[in-house]
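Notes to accompany the following structure.
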Amino acid sequence: MGRFDDLRFSIPMALTSNLVGLAFYGADIPGFFAGATEELLIRWYELGIWLPFFRAHAANGTPRREPFLFGNETQEILRDHMKLRYKHLPYWYTVFYEHTVTGDPIVRALLYQYPEDPVGSDILVASVYESEATSVQVYFPDSTDFWYQITGEGYKFFEGSTWAEIPVNMTYIPVFYRSGSIIVRTTSTGRSSAYNREASLELHVVPDRENNAVTRLYIDDYESFDYVNRKEFYYVELNYQFDGEDHLTVTDLDEESIPGDVEFPSIDTVHIYERRDDGVTVKTLTEDRNGNKLSAINLFKQKKLL
0 MGRFDDLRFS
10 IPMALTSNLV
20 GLAFYGADIP
30 GFFAGATEEL
40 LIRWYELGIW
50 LPFFRAHAAN
60 GTPRREPFLF
70 GNETQEILRD
80 HMKLRYKHLP
90 YWYTVFYEHT
100 VTGDPIVRAL
110 LYQYPEDPVG
120 SDILVASVYE
130 SEATSVQVYF
140 PDSTDFWYQI
150 TGEGYKFFEG
160 STWAEIPVNM
170 TYIPVFYRSG
180 SIIVRTTSTG
190 RSSAYNREAS
200 LELHVVPDRE
210 NNAVTRLYID
220 DYESFDYVNR
230 KEFYYVELNY
240 QFDGEDHLTV
250 TDLDEESIPG
260 DVEFPSIDTV
270 HIYERRDDGV
280 TVKTLTEDRN
290 GNKLSAINLF
300 KQKKLL
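Start counting the sequence shown at 0; every next residue gets the next number (numbering that gives the first Met the number 0).
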């Protein structure tokens, strides 16, 4: 139903479905029955982009709610969030692959990732599911971690094992990256995921307290079964370390896989999040320490980028 209560219910339904192995889950945006308000439409899209199955859908006879039927401001908000979904496709693609191998949920309740300290391991999403909300209460798990807010005005960080009241408006919901992670995103968005596979990548490096960060990345041709029949894919681990200089290396995690016709995408930009006493700064690198363009370096072949 097109109601805020149903938006709220869709969150535990998604988490529970993933816990029992039904990972490809998502709610019809903005509710299958009944007309949704413009506010609810926006909030449902803002949540929907962070669920495995992202679809706008409705029953026959339901009032039409295609984005282009709304005003320019609403269209711009929805467009920005759909682009954010597409830019995170490398992250989604890797999590889906790892689900097929390990059975781990794609979206994760905190009790799964932090059993000692009751969403995926690296991205925390706090939905807004009340009308006219101006803030949300967010719990940040694990005292050894801290969390960087990537939506809203300016970057902020929050210590683990704490609560915080996060301001919101209609243009965003709170989304956070975990310390010690590297989030792989595309630099642009195409008309579909197939177009997006040729986009270059950017790395969002979020170092932990020891200035280390790590992630895994899975890449195949996006369309054939060669990843099964011929093991044509990349499955690698990216490691970042800082010892006075930035270092980023790659390790192959599946020695039986072969590149085949799959090209490892170029990495144009590395964004390194740095925690300061007065907030967060983001250092952006487009060249290595020798002045070489990052986009010209084949990370998989050279095994290092910085």
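Beta carbons: idealized from backbone N, C-alpha and C, even for Gly.
On the DSSP bridge list, what partners appear for residue i?
i: Q112; result: Answer is none; Q112 lacks a bridge partner.
i: H56; result: Note: H56 sits in no beta bridge, so no partner.
i: W162; result: Y138
i: L237; result: T214, V249
i: R177; result: W146
i: R288; result: Its beta-bridge partners do not exist; DSSP assigns none.
i: T283; result: H270
i: L200; result: T185, I266
i: D306; result: Within the shown structure, residues of the chain are numbered from 0 to 305, placing residue 306 beyond reach of any answer.
i: F157; result: W146
i: V205; result: S180
i: D27; result: R54
i: E97; result: Per DSSP, none; premise fails for E97.
i: I257; result: E231
i: G278; result: R275
So the beta strand (DSSP E) residue i belongs to, where does it begin and stop?
i: H270; result: 266 to 275
i: I296; result: Run containing I296: none; DSSP gives neither H nor E here.
i: H87; result: From DSSP, H87 is part of no beta strand (DSSP E); its letter is neither H nor E.
Return the Cβ separation of residue i and residue j in integer angstroms, given the expectation that the two are a contact with Cβ distance under 8 Å.
i: E45; j: H98; result: With 8 Å as the limit, E45 and H98 do not qualify as a contact, their Cβ atoms being about 24 Å apart.
i: L237; j: V269; result: Between V269 and L237 the Cβ distance is about 10 Å, and since that is not below 8 Å, they are no contact.
i: T310; j: L200; result: For residue 310 there is no data in the structure shown, the boundaries of the chain being 0 and 305.
i: D220; j: D276; result: That belief does not hold up - the Cβ atoms of D220 and D276 are roughly 46 Å apart, past 8 Å.
i: P140; j: Y111; result: Not quite, the Cβ-Cβ distance comes to about 11 Å (not below 8 Å), so this is no contact.
i: E222; j: A193; result: 7 Å
i: E37; j: T73; result: 6 Å
i: S178; j: F145; result: 5 Å
i: V235; j: D251; result: 6 Å
i: G70; j: F32; result: Rounded, the Cβ-Cβ distance is 24 Å, inconsistent with contact.
i: A35; j: R63; result: The pair is not a contact, with the Cβ atoms about 11 Å apart (cut-off 8 Å).
i: V204; j: I218; result: In fact, because the Cβ distance is near 19 Å, the residues do not count as touching under 8 Å.
Residues in its own chain within less than 7 Å of residue i by CB, not counting five upstream and five downstream?
i: W49; result: V124
i: P117; result: A caution first: P117 carries a pLDDT of 42, below 50, which makes its placement in the model unreliable, though a value can still be read off. Counting only Cβ-Cβ distances below 7 Å, and skipping sequence neighbours, we find L109, L110.
i: S142; result: G159, S160
i: T133; result: P166, V167
i: Y138; result: W162
i: R196; result: Y221
i: E255; result: K230
i: T283; result: T268, H270
i: K82; result: T188
i: K86; result: R184, T185, T188
Considering only residues of the same chain and omitting the five flanking positions on each side of residue i, which have a CB-CB separation below 8 Å?
i: L6; result: A26, P29, G30, L39, R42, W43, L46, S126, Y128
i: F335; result: Since the first and last residues shown for the chain are 0 and 305, residue 335 lies out of range.
i: Q148; result: Y154, K155, F156, F157, I165, P173, V174, F175
At what residues does the alpha helix (DSSP H) containing residue i begin and finish?
i: V127; result: No alpha helix (DSSP H) holds V127; DSSP gives it neither H nor E.
i: L14; result: 3 to 18
i: N168; result: Counting along the chain, N168 falls outside any alpha helix (DSSP H), and DSSP gives it neither H nor E.
i: W43; result: 37 to 47
i: Y226; result: 225 to 228
i: A193; result: 192 to 195
Can you list, in chain order, the residues of its chain whose CB lies under 6 Å from that of residue i, leaving out five sequence neighbours each side?
i: V213; result: N238
i: R274; result: F156
i: D245; result: L305
i: F241; result: N210
Using a beta-carbon distance below 8 Å, is residue i in contact with chain C?
i: I165; result: This model lacks chain C altogether; it includes just one protein chain.
Could you check whether the region 98 to 110 touches the region 8 to 20, counting it as contact only if at least three pairs of C-beta atoms, one from each stretch, sit closer than 8 Å? yes
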